Every structure is written in structure tokens, then in C-alpha cells.
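Remarks on the structure that follows.
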Amino acid sequence: MFRSKIELFIKWVIYATFFVPLLVFPGSYIFPFIVPKIVFFRSLVEIMLGAYCLLLIINWREYVPKNNYLNLALLLFIFSFGVSTFAGTDAYHSFWDNHERMLGLFTLLHYTAFYFVAQSVFKDWKDWKWASRIFMLGGFLVMFIGWLQTQNPQLLLNNGSDRVASTLGNPIYVGGYGLFLTCLALLLISREKDVMWKWFYGIVGFFGFMGIFWSGTRGALLGLAVGAAYAVIVYVVVLKKYPKIRFGLLGLAILSLIGISLLYSFRQTAFVTNLPGIGRAVNTSLSGIEDSPRWIAWQIAWQSFKEKPLFGWGPNNYFYAFNAHYNPYSLDFGYGETWFDNAHNIIMNTLAVQGAFGLLTYLVMYGAAIVVLVRAYRAQKVDFHFVAIGGAFLVAHFVSVVTVFEDPTSYIYLMFWFALITVICHSRESGNLGIVNKTKDVVVAVIHPDKKISAGSISSVAFVFAIIIFIFNIQPARANQMALDAIRALSKDPVLGISV
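Written out as C-alpha cells, the structure reads:
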């Protein structure tokens, strides 16, 4: 069947996106950890979008996204992003962003498309299980390279740092990715019967878990702790018929708190200080936070929000707000702290660049996902593991970005997680997760016949998206490379460099 071949093609393109985080080309691009990832990801999404358009032509009713809380919440957030883009200080910059981040509206639309296409072709737990396995393979490679950096800190431009950046270019990104892999591994283990696959999930989950510590990212560690607390609370609430398990979980939580207290009490000892990630986290002083560059950035974000409270200064325009409300005290921390293009706090930054409306839609997106999980559990479409672990990752991720921001890789796995929740929680085949649906509702499936698609339609769609890829991805990549060539030429011969 022709449409099944298109579906399979789209699935393989989606699988390819799971390896985008591995892309880094030192010496080929300015910002080699960002530009290749975004260029390739957008190109892959545009390829799958072209194929998805063919599916819509063949059978619109089957493949068009359905109305549900999470779909609407995500669209509302993107709508807010778009409104703030054109109502902000610099619409051009908000739409495209620069090559250091490349997370303007244009790119965010691609992540949104990725979300909707994924939920249209991955229709049941079997599809998502295989997609998750392939995603975990890509994630394992990223974390394995991170482990290699613990052995050789100079590897892949890590410059001798004791915090690993792997192929992502920033330890913060590695910590967030580790959170995702840990939660995904736990979710898959809870549903897997095959011992070999459980070993695979366990190994990848272990590397993801250790990646959080290798990265030394305090936000990710805090997210891990809060996410684990959320999961424990869910298990304690839903496992009322299993008092031994409930008391065991509570005991584990108490032991964890005691362990954290001991680490904090002995935080200045050599043993604790040298623990990867933990030493840095427990030696963080909250008393001095008001005397730090980030506190200044947060204050400026708040002042900027009060100036433009509804729609903000526009996405990626925080540096305009930072300059407008510049605090000279920043210079005391060095010249590098006098430039901020992000408030390094997802809440404060969103308030500044998207206003109250933007922050509300961002929070609604997470809230909708939690609501969908709870409703699905009550309808017996998912088990308590799915609710606990599915929600734990959302909580952990949200907490982790409170002190940082989203990145090219985090948007991939966040949209993947949202799409997974959407499909599984709205699936009529509750048995996919081993749930016995006790409801007596009778659902009558309505089959919509496929339409024939001409070779001309296929050629037209392919031509249009090929042009889009060339103009919006290949050309910017070439421009980036030419700019790097010019910089190199200038450093060797200023006169020749100007001509380049």
C-alpha cells in the first residue's frame, strides 16, 4: 500500500532526527555545536513534512491532528511566540535568531511540526517503543562520548573542563539530555518483558543518569530530585492497596533526604567536593545569589517585563532589554558578564521576551500534559508507571530549565515526550500498555477511504520542499562557512580578508 510506504519513510526520517545531537563539525562552522544540528534537523523535518502532506492528500481525516488538550496547548504557546515575535522590539531577530542559538520562530515551527507528524505516524505503543529504542541508541552515543571526555578532558573542544559537554557543546545540555534518557529508560523497563531489552534500557539509563553528574549541572540535579519526589508521591497515592511498597518508597525518600543532608554537612571535605556534579551542587551558596551576574540578569528581566508586560520584548530579544536596563555592577564580575542574550531562567526570560501571555501559555503546555496523563489513568488507558514516570520527566525538565533555557536538543526530546503522551493517552487500544479497559463503551470505527494521488502532486510537493531546504537551510549553512573563511583570512591577512 502506497501510504504505508510513506508512513515507513517518515518514520525513518524521524529516526534520523534522534542522531542530530551527535552532529558537530569543528572547524567547519561558526558555532559548530549549534549550526549543523539546526540545519540538519530543519531539513529532516521539511522532508518529513513533504511526505506528511502526501498523507494528508491521501486521507485527510485519518492524518490531520486531532483536538485534545496538549495539541491545543502547544498551538497556543506557538501562537504566543508568534504574537510576541511581531509585537516585539526586533521581529527579524525573533523570527530567525542568530547562529549562536538558532531558536527563532522559524525553527520553533519545525519542532512543532515534528511533534504533530510524530503523533500521526507513531500510532500505538509498539511504534513508540521502537522509536524510543532508536532514540536511546542516539542518546547512548552522546553520553558515551561524554564519558570519554571524563577520561580525556581535551576531547572534542572540551578544553580540559571537568564538566563534560559531549557533542552538545554545553554541559547544561548534557545534564538535561541525561534526565530524559533516565526517565525514558525507566518507562521502557516498566513495560518490557524481554530481558535483553531491559539490559539495553538499563545500560543507556545508567549512562544518562551518570551524564547528569558528569555534566555538573545543578539545575539538572535539582530537576532529578524534584522529579523523583513527584514520582514517589504518585506511587504512594495510587498504590493504596500495597502498603508495604508505599512504606518502602517513603523509607527510600527519607534515606535520600538523610543522604543529601550528610552531603551538605560535609560539603567542604575533599571526598564530597570531588564527587562529580554533587560537589558543585552542595557547595552552592544561596546566601550569595543576590551578589551574582545571574541575579542581575533576573532583576533586569523583571524590570523589562514591567515595561512590556503583555507580549514582552519579543523572543530572543532579551539582550535589548538587558542593554536598556543595564546595571553597571555587572562589570565587577568581568567583561564577559556585561552581555546576556538570555536571562538564564526560563520563567524570567519568558516573562521578559513573551510577557505574561507567553509565560501563561508555557505553563499551560506542561499543565495540559499532566492533565492528559491523569485523565488517561482514570480512564484506564495507561498504568500508574506511565503516569508517575511520564509526569516525573515533565517536572524534572521544567525544574532543570528554571536556571537555564531550552536548547536545540532539548526541544527534540521534549516534543518527543509530548507526542508520546498524546498518542498513548488518547489511544483506544489501552491494551498496548497492559491495561484492562473495564469501561463498557462501544466505539464504532469509521473507515475513510484513501484518495488516489497523482505523480504530478508528488513531484510538486517534492519540488517545493527541495526549494525550501535549499533557501532556508543550505544557503544559511554556506553563509556561515563563508563567514568563518573570512574570519580566518582576516586573522592571517587583513587586506585579503576584507576581499573575502
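My numbering numbers the first residue of the sequence shown as 203 and each following residue consecutively. Ideal Cβ placement from N, Cα and C applies to all residues, glycine included. Nothing here was measured: the structure is a model prediction, and the numbers come from that model.
DSSP three-state assignment for residue i, whether helix, strand or coil
| i | result |
| --- | --- |
| Gln501 | helix |
| Ala367 | coil |
| Gly418 | coil |
| Ile435 | helix |
| Tyr528 | coil |
| Leu426 | helix |
| Ser656 | coil |
| Tyr231 | coil |
| Thr471 | coil |
| Thr641 | For Thr641, the predicted structure reports a pLDDT of 45, less than 50, and the residue's modelled location is therefore unreliable. A value from the coordinates is still provided. Residue state, collapsed to three classes: coil. |
| Trp214 | helix |
| Gly404 | helix |
| Gly362 | coil |
| Trp399 | helix |
| Leu477 | coil |
| Val222 | helix |
| Pro651 | coil |
| Pro495 | helix |
| Gly538 | helix |
| Lys508 | helix |
| Thr605 | helix |
| Arg263 | helix |
| Met304 | coil |
| Leu357 | helix |
| Leu533 | helix |
| Phe409 | helix |
| Phe513 | coil |
Classification of residue i by the beta-carbon crowding that lies within 10 angstroms, buried from 16 upward
| i | result |
| --- | --- |
| Thr563 | buried |
| Gln470 | exposed |
| Val215 | buried |
| Ser463 | exposed |
| Gln321 | buried |
| Arg263 | exposed |
| Trp541 | exposed |
| Val646 | Legend: pLDDT at Val646 = 48, less than 50; position of this residue unreliable, no value from coordinates given. |
| Ser662 | exposed |
| Arg580 | exposed |
| Phe468 | exposed |
| Ile676 | exposed |
| Gly362 | exposed |
| Ser286 | buried |
| His599 | buried |
| His650 | exposed |
| Ser506 | buried |
| Thr419 | buried |
| Gly425 | buried |
| Tyr537 | exposed |
| Phe204 | exposed |
| Phe672 | exposed |
| Asp299 | buried |
| Asp534 | exposed |
Range of the contiguous alpha helix (DSSP H) that encloses residue i
| i | result |
| --- | --- |
| Val601 | Phe586 to Ser602 |
| Trp298 | Ala293 to Trp298 |
| Thr287 | Tyr271 to Ala289 |
| Met550 | Ile548 to Arg580 |
| Met203 | Met203 -> no alpha helix (DSSP H), and no H or E assigned at all. |
| Ser463 | Pro445 to Ser467 |
| Ala681 | Gln677 to Lys694 |
| Ala545 | Run containing Ala545: none; DSSP gives neither H nor E here. |
| Asp329 | Trp327 to Gln353 |
| Glu248 | Val237 to Ile260 |
| Gln321 | Leu307 to Val323 |
| Leu622 | Pro610 to His628 |
| Pro373 | Pro373 to Arg393 |
Assumed close pair residue i, residue j - CB separation to whole angstroms, cut-off 8 Å
| i | j | result |
| --- | --- | --- |
| Val666 | Cys627 | 34 Å between Cβ atoms; not a contact. |
| Trp416 | Pro478 | 6 Å |
| His301 | Asn551 | Going by Cβ atoms, the distance from His301 to Asn551 rounds to 20 Å, so no, they are not a contact pair. |
| Thr314 | Arg244 | The pair is not a contact, with the Cβ atoms about 12 Å apart (cut-off 8 Å). |
| Met338 | Tyr403 | 7 Å |
| Ala523 | Ile491 | The pair is not a contact, with the Cβ atoms about 21 Å apart (cut-off 8 Å). |
| Ala387 | Val366 | Not confirmed; about 19 Å, so no contact. |
| Leu596 | Tyr568 | 6 Å |
| Trp532 | Ile498 | Before going on, a small fix: residue 532 reads as Ser here, not Trp. Indeed, because the Cβ distance is near 6 Å, the residues count as touching under 8 Å. |
| Leu358 | Thr369 | 7 Å |
| Leu381 | Ile414 | 6 Å |
| Ala590 | Ala433 | 5 Å |
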